[in-house]
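Accompanying notes for the structure given below.
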Amino acid sequence: MVKKKLLSVALVAVTVCSMIFTGCGSSAENTGNDTGKTDSDAQAGNTAGDVADVADDVEKPEKITIMVDGTFQATLADGQEEWVNKWEELTGIELEVIQPDHNAYYDVLGQTFASGPENWPDVVILGSSYYSGYAGEGALWDMTDAWNNSELKKNPNTDVSVVEGNMLDGHLYGLALGGGGGCMTFLRKQWLDNCGLDIPTTYEEYLEMLDAFSNGDPDGDGINGNTIGVSAAGFVGNEAPYTNYLPEFYQDAYPSFYQGEDGVWRDGFTEDSMKEAIKRLQDAYNKGYIDKESLTNATSNCRTKFMEGEFGAFTYWAGGWSDQLSDGLAANGQDSELVFMPPIAEVGKYWQRCAPVYAITSSCKNPEGVFKYFLESIFDDGDMETLWIYGVEGVHWSRQAETVCGNTYQDGEFHMMEMRSQPGVQYTTIIMGDTNICPLTERLVPVKKYTEESMEIFNANNKTAPLPVTTDMMSQYNGDLTSLKNSIIADCVVQGVSVEEGYKRFEQEGGAEWSQAIVDSLNNK
Amino acid sequence: MKEKGKTLPKRTPGGTAFKHARAYRGVYLMATPVLVAALIFYYLPMFGIRYAFFTYKGINDPIFVGMKHFVKMFSMPGFWKAFSNTLVLSITKLILNTGAAVIISVLLNELIFLKLKKVFQTIVYIPHFMSWVVAASIFSMILSPTSAGLVNDVLMKLHLITDNIYFLGDQKWWRFSYYIINVWKDTGWGTIIFMATLAGISPELYEAASMDGANRFQKMIYITLPALNNTIVTVLVLNLAKVMNLFESVFVLQNDAVIKVSDVLQTYIYTQTFNSGAIPDYGYTTAVGMFSSIISCILVLVCNRVSHKTRGRGIV
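Those protein sequences? They're chains L and H, same order as listed. In this text, residue positions in the first sequence follow this note's numbering: the first is 1134, and each later residue adds one. In this text, residue positions in the second sequence follow this note's numbering: the first is 5, and each later residue adds one.
Right, dumping it as structure tokens:
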């Protein structure tokens, strides 16, 4: 009887195991980063030859697998198949794109890494919060030598500082295709004019403007106090630089860990500058200068409110968004003229976000080949770069005489086509922005007025946010610590808790202890 | 499943199990895929529990750390706050939702016009089919602390308040708002089981009560509600076992200002995993999840015991 039972259990176990192992097998072959073709093979088999026209010892991969988030805008709904076909035509390499849902990207990426190196893609996109963590765990290939020896670095048009801003202890593990972008403050010109104000240059003037926007009649509808000064999606962000939506209030304060000029790591939250910043936020919130709903606002709510004329000062992403917001104002029957506020004296410079990177995983069998044929090849100042910026001709852009979304184009005039996923909207750029680390010599799409103006001011007035670095101690405590910090900021600003009480709570609930432990781990790294 | 013309062998302690299995082979064959699927999808993943005793970031091999994560967990104020919030929010929600479902069911039962009854039933069911994200967006607008917020606007116009209330951003108001939103969303669905019970009450009882001179209120008190007693206990007992599974409704409604009163174990795990600014240690979050599962198991066993006592039969 016992034997029979054991036999039946064994049979079930064998069945289950066979099913599992059948499902899990042969993934190593699927990574497909087998090498085998040399440049000469590549040239022979690639008549287009645009990219393969290189001669050195780097072997050409037969297949490359990449995992990308939603910033890779050639999605399945927006011509990914055609994009991949064009890329393969230009390189003679097979390309597999794995694109999970944008919001679940890091979840899926984590699961993929956890499933074992044989399942890792060759290339992944990583935001700043994850980049150093994965590099520290040895999951990313060190591309320092490849970068130092690359033609891309030698190209005088390449913005080397953006790429090397992602170096960790002198090593590079990911290539940023462009800057991380950043936020700057947009103002409604009509509101400033109606209040008889100039663009603020100091915090005092900024507050004066917010007071006029909140208590006066900036929109000229004859009613005082039915508008708001400024709004934001939350009081503190969840990725570096955290303070970018309300820079005028944070000024020199930084709520997370940063390395000072003396090389010593500190937690900005524990510094007096942060306490002063919270007081400024509290004061402005109590006076009604900051939107009461800021705590629960999503960025989309803020955009809508701004475009509907509910508030007049909006700190948002420099570049294309400025024109989109202006268009939105016009669509809502508002005056659409914007002015861009250079950072006030107390802010000094706006934050530029750490750029996300394309990293090669350490399980990639031919990382040098992937670097050369997938990453470096992007910046050829020709067909490949055009493909990365503007996409595929006939799918994303065209030169035919036609009317697209109400805009009429002459024969031969370069223009973007109507989005497949959003009829009525034209594509802008597809994967990489046209202001990338090594832009096309000849720009194909003219830059819009506000985009150019805002980028000019932003480019002249920004500093890059500290690259988040991770330690074991940070993995252990930073989740609790960040929740506590954010809760204290919200308590002080919204719930009326004094800053002193807030920091007392920080001590009582272990925040100070965790913070010190993390600082020590960073300094002893 | 008895095969025609055959007498199926009885299963006896003497060893006819093989014959029994052979006779019922069709049934066992049909059950096999379910058994295999259950093993693969429900039981094999349970081996992941071992990570509660390891440090594991999903890249390199796990490192055994023994009870370290549990020691840390029990020393973290955030964990205990999340645990107590889970119990308070879940149990209060359960009582309120069940109470509201009973009241609405009884009131619906009193409606004489069948079409009207169906219309009302449909209206109260609909919110259940709405996603929590949509529900949160709707209530963010309704409860907005500005003149655009319906509730604040009404309260101001009635001179009941002088300043707008930030229902979803104020610790004093958040839980109240949360319960109301939950009652609005889930009460209708909860009425289904009570309506089914009410449909089973013999009309003769009401007729007899009428002959005895009972009015509608008395019939409701002395016939309807006692008939629902057993179902109410069943619903409470069954749902009590699920009190630790609270995530979506809290996640979409919470924010930094109310984290002290709203953070529950599932959102705590989420924060630890995705908000640490570093690659999370899955070992710690697995330990928290394991603790939550153990509490759930205990609750199931307690409920089973209570069910035995109150209904004469268990739930597992």
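We treat Cβ as the ideally placed atom computed from N, Cα and C, and that holds for glycine.
Residue 1403 of chain L is positioned such that its CB atom lies no closer than 8 angstroms to that of residue 1387 of chain L. Closer than 8 angstroms to the CB of residue 263 of chain H there is at least one CB belonging to chain L.
A straight line joining the alpha-carbon of residue 1227 of chain L with that of residue 280 of chain H spans about 37 angstroms.
Near chain H, meaning a CB-to-CB distance below 8 angstroms, the residues of the stretch 1612-1625 of chain L are 1612, 1613, 1615, 1616, 1617, 1619, 1620, 1622, 1623, 1624. Distances from the alpha-carbon of residue 57 of chain H to those of H:311, H:68, H:127, H:50 put H:68 closest. The Cβ atoms of residue 1608 of chain L and residue 49 of chain H lie no closer than 8 angstroms to each other. Of all residues in the stretch 142-153 of chain H, the ones placed with a Cβ closer than 7 angstroms to any Cβ belonging to chain L are 144, 148, 149, 150, in chain order. Between residue 201 of chain H and residue 231 of chain H, the C-beta gap is smaller than 8 angstroms, which places the two residues in contact. At a Cβ-Cβ threshold of 8 angstroms, residue 1452 of chain L and residue 1588 of chain L count as neighbours. Under the Cβ criterion (8 angstroms, minimum of three pairs), the stretch 60-75 of chain H counts as touching the stretch 287-297 of chain H. When the beta-carbon positions are compared, residue 97 of chain H and residue 186 of chain H come within less than 8 angstroms of each other. Residue 34 of chain H counts as exposed, since fewer than 16 other C-beta atoms from the protein chains shown sit within 10 angstroms of its C-beta. CA-to-CA, the gap between residue 1627 of chain L and residue 208 of chain H works out to about 60 angstroms. With a contact defined as Cβ atoms closer than 8 angstroms, residue 1611 of chain L and residue 25 of chain H miss out at about 56 angstroms. At the C-beta level, residue 1557 of chain L and residue 1538 of chain L come within 8 angstroms of one another.
The CB of residue 1257 of chain L never comes closer than 7 angstroms to any CB in chain H; the least such distance is about 12 angstroms. The alpha helix (DSSP H) runs lying completely inside the stretch 137-216 of chain H and spanning 4 residues or more are 154-161, 175-203, 207-215, given in chain order. Residue 1540 of chain L carries a strand assignment under DSSP once its states are collapsed to helix, strand and coil. A distance below 8 angstroms separates the beta carbons of residue 139 of chain H and residue 131 of chain H. A Cβ-Cβ distance of about 41 angstroms is found for the pair residue 1334 of chain L and residue 1304 of chain L, leaving them out of contact under the 8 angstroms criterion. Taking a contact as a CB-CB distance under 8 angstroms, the pair residue 188 of chain H and residue 266 of chain H does not count as one, their CB atoms being some 18 angstroms apart.
Judged by DSSP in its simplified three-state form, residue 96 of chain H adopts helix.
Chain-ordered, the chain L residues with CB closer than 7 angstroms to the CB of residue 62 of chain H read 1243, 1246, 1247. Taken through DSSP and simplified to helix, strand or coil, residue 1580 of chain L comes out as coil.
DSSP places residue 1399 of chain L in no alpha helix (DSSP H) but in the uninterrupted beta strand (DSSP E) bounded by 1398-1400.
Against chain L, the CB of residue 279 of chain H has a partner CB under 8 angstroms away; the residue lies at that interface.
CA-CA distance, residue 245 of chain H to residue 296 of chain H, rounds to 12 angstroms.
Proximity of chain L to residue 81 of chain H at the Cβ level (cut-off 7 angstroms) is accounted for by 1642, 1643, in chain order. For residue 59 of chain H, the beta-bridge partners assigned by DSSP are H:67. When the five nearest sequence neighbours on each side are left out, the beta carbons in the same chain lying within less than 7 angstroms of the beta carbon of residue 300 of chain H are those of 245, 248, in order along the chain. Its Cα nearest to that of residue 1206 of chain L, the residue L:1525 stands out among L:1427, L:1525, L:1196, L:1476. In the structure shown, residue 1571 of chain L falls within a coil segment according to DSSP collapsed to helix, strand and coil. Following the DSSP letters along the chain, one finds residue 1266 of chain L inside the alpha helix (DSSP H) bounded by residues 1261-1269. Membership of residue 1450 of chain L in the beta strand (DSSP E) is indicated by the continuous run 1444-1450.
Taken atom to atom, the span from the alpha-carbon of residue 264 of chain H to that of residue 175 of chain H is near 8 angstroms.
Only residues of its own chain outside the window of five on either side were considered, and among them 237 have a CB closer than 7 angstroms to the CB of residue 314 of chain H, listed in chain order.
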